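Below: one structure, written as structure tokens.
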Amino acid sequence: MSAFWAMLQRELVVAYRRRTDLLNPLLFFLMVITLFPMGVTPDMEKLGELSAGILWVAALLATLLSLDMMFRADFDDGTLEQILLSNGVVEWRVLAKMLTHWLVTGLPLTLISPALSLMLALPGRAVPALMLSLGVGTLALSLIGSVGAALTVGLRKGGLLLSLLVMPLFIPVLIFGASAVASAALGLGFKIQLLYICAISLVALALAPWITTVALRISVNQS
107 MSAFWAMLQR
117 ELVVAYRRRT
127 DLLNPLLFFL
137 MVITLFPMGV
147 TPDMEKLGEL
157 SAGILWVAAL
167 LATLLSLDMM
177 FRADFDDGTL
187 EQILLSNGVV
197 EWRVLAKMLT
207 HWLVTGLPLT
217 LISPALSLML
227 ALPGRAVPAL
237 MLSLGVGTLA
247 LSLIGSVGAA
257 LTVGLRKGGL
267 LLSLLVMPLF
277 IPVLIFGASA
287 VASAALGLGF
297 KIQLLYICAI
307 SLVALALAPW
317 ITTVALRISV
327 NQS
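According to the numbering used here, the stretch in the sequence shown is residues 107 to 329, in order.
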């Protein structure tokens, strides 16, 4: 575990050196939430009804925007090949990259979501559901999306293919996440939806590092 934490710390340091890549998802999330009332309706009551879906769709797309960079830099400079040839457990290194992606993308999106929800007139009682569902849900998106990122890392323009691969897998997380926030906004319980998101995240946490490692080996061998 000490080696894993060292790998995670190393990945975080490398990620924070690429500040532009870190800001892109946050700026995209901010722009979508800011422009939506201008393009659809300024009616706060209608925005409140749509806010759960808007926030979740924007968060999903912002996460998708950053997935292509998860392994791209390591692939381009040859580090990824060295990782796959190392004597250590490669799956732990891959898991460190997945968690780093969530820490620099999903977690910041979750933290700024309450402030942006005010623009969409989301009821205050739904903010805890929003943060909990986004916190766990974006982790699932990072874990699931890593498989698509690994399969397309060897392609020059793999962004579109990546979207086509992972979008169907993202839909259950989107449905349960938006449903949890909408239920909380109506004053109803959201425990069941949150449990489903947690279950998806746990399954992804158990399987994604192994599947992603196999996908990376395929991509590196074919490049």
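A virtual CB, placed ideally from N, CA and C, is assigned to each residue, including glycine.
In this text, all values refer to a predicted model and were calculated from it rather than measured experimentally.
Item, Value
"Mind checking whether G254 and V233 have CB atoms under 9 Å apart?", "no"
"Out of L313, D174, F276, state which residue places its alpha-carbon closest to the alpha-carbon of L201.", "L313"
"With a cut-off of 8 Å, do at least 3 Cβ pairs link the segment 289–306 to the segment 209–224?", "no"
"Which residues in the same chain as L245 place their Cβ atom closer than 7 Å to its Cβ, once the five residues preceding and following it in sequence are excluded?", "W208, G212, S307"
"Quick check on the DSSP output: the alpha helix (DSSP H) that includes R199 runs from which residue to which?", "196–207"
"I need the straight-line Cα distance from G154 to S325, nearest angstrom please.", "44 Å"
"Apart from the five residues on each side of it in sequence, which residues of its chain come closer than 6 Å, Cβ to Cβ, to M175?", "D127"
"For A321 versus L249, is the C-beta distance shorter than 9 Å?", "no"
"Could you give the distance in angstroms between the alpha-carbon of K263 and the alpha-carbon of A256?", "13 Å"
"Is any non-hydrogen atom of the ligand SAM found closer than 8 Å to the C-beta of P131, if you look at the structure I gave you?", "Looking at this structure, you won't find the ligand SAM or any other ligand, since it has none at all."
"Check for me: the alpha helix (DSSP H) holding A331 runs from which residue to which?", "Because the chain here runs from 107 to 329, residue 331 falls outside it and cannot be looked at."
"If you draw a straight line from the C-alpha of W162 to the C-alpha of F110, how long is it?", "31 Å"
"Compute the distance between the beta-carbons of V259 and F181, then report whether it is under 9 Å.", "yes"
"Alpha carbon to alpha carbon, what distance is there between A168 and I160?", "12 Å"
"Roughly how many whole angstroms lie between the Cα atoms of L217 and M237?", "7 Å"
"Within 10 angstroms of the Cβ of T147, are there 16 or more other Cβ atoms? Answer buried if so, exposed if not.", "exposed"
"Please report the distance separating the alpha-carbon of A129 from that of M137.", "Ala is not the amino acid found at residue 129; the sequence shown has Leu there. Whole-angstrom Cα-Cα distance: 12 Å."
"Alpha carbon to alpha carbon, what distance is there between L170 and A235?", "22 Å"
"So what's K263 in DSSP terms, helix, strand or just coil?", "coil"
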